[in-house]
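FYI, the numbering for the sequence shown is 4 to 178, going by this note's numbering. Think of the CB as a built atom: it goes at the ideal place given N, C-alpha and C, for glycine as much as any other residue. Predicted model, so just to flag it, every value in this text is computed and none were measured. Below you'll find the structure, written out as structure tokens, and then a few comments.
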Amino acid sequence: MKKLIITSFSLFLFSMVSCQTPNNTKETKSSNTKKPMETSYQKTEEEWKKELTPEQYYVLREKGTERPGTGKFNHHSEKGVYVCAGCGTELFTSDQKFDSHCGWPSFDNNIAGGERVKQIPDFSHGMIRTEIVCAKCGGHLGHIFDDGPTATGQRYCVNSISIGFKPAGKDTIEK
Ligand code: FE
4 MKKLIITSFS
14 LFLFSMVSCQ
24 TPNNTKETKS
34 SNTKKPMETS
44 YQKTEEEWKK
54 ELTPEQYYVL
64 REKGTERPGT
74 GKFNHHSEKG
84 VYVCAGCGTE
94 LFTSDQKFDS
104 HCGWPSFDNN
114 IAGGERVKQI
124 PDFSHGMIRT
134 EIVCAKCGGH
144 LGHIFDDGPT
154 ATGQRYCVNS
164 ISIGFKPAGK
174 DTIEK
């Protein structure tokens with residue numbers, strides 16, 4: 004009887020450990036998933052598909068990357084504000100933009116000092132990076148690196164297609 008109890012207890016412990024493993028794997032994968040971040044900004048993927056161009060959908064909702072050097076705002080130096088192409092939230096100012104020569108628009112900070120851009124660990128493609136997304140709609144913007152040349156030391160590397168531009172003194176948004 005004693006042997007039976009010990010055996011049962013061992014089996015119970017084993018099953019507990021077995022249950023832990025898939026959970027841990029799931030947790031690791033959640034920061035590495037292609038699914039957009041969940042936010043309070045409710046919109047179905049069908050609605051996003053109707054609203055965005057296929058290229059915008061691929062980058063903003065499927066975490067794609069535009070080819071370097073091809074984006075509209077890569078060599079863009081007008082005065083104004085850059086907004087999220089998904090929901091229109093103001094994210095970066097032209098004063099925060101610098102030429103990083105990396106092929107994508109780069110900023111050394113974001114409006115509100117971090118409130119509007121969320122950082123998420125990204126282990127995809129065999130790399131350890133930090134993804135940046137719009138805090139309001141969860142749209143993928145790009146990645147952030149700590150090799151920036153200004154006082155912040157940061158480089159928000161952003162896809163042009165993820166953002167729009169509001170010229171200073173105007174209410175229109177260029178995308
Ligand atoms: Fe957004």
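Residues bridged to residue i (per DSSP)
i: T136; result: What sits at residue 136 in the sequence shown is Val, not Thr. In DSSP, V136 forms a bridge with K121 and H143.
i: Y85; result: F95 and F168
i: E49; result: E49 is not bridged to any residue.
i: C160; result: S109 and H146
i: K38; result: K38 pairs with nothing; no bridge assigned.
i: F101; result: S109
i: E65; result: Its beta-bridge partners do not exist; DSSP assigns none.
i: E177; result: F168
Heavy atom of the ligand GTP within 6 angstroms of residue i beta-carbon
i: I164; result: No copy of the ligand GTP appears in this structure; the ligands present are the ligand FE.
Let me have the residue list for the ligand FE: C-beta closer than 6 angstroms to any non-hydrogen atom, ordered along the chain. C87, G89, C90, T92, C137, K139, C140 and G142
Taking three-plus beta-carbon pairs below 8 angstroms as touching, is the segment 73-92 in contact with the segment 122-135? In short, these stretches do not touch, since the Cβ pair count stays below three.
Pairs of beta-carbons, one from the segment 165-178 and one from the segment 113-124, closer than 8 angstroms: are there three or more? no
At least three beta-carbon pairs within less than 8 angstroms, the segment 151-163 to the segment 109-118: Taking 8 angstroms as the limit for Cβ pairs, the verdict is that the segment 109-118 does touch the segment 151-163.
At a cut of 8 angstroms, does the segment 59-70 reach the segment 92-101 through at least three beta carbon pairs? no
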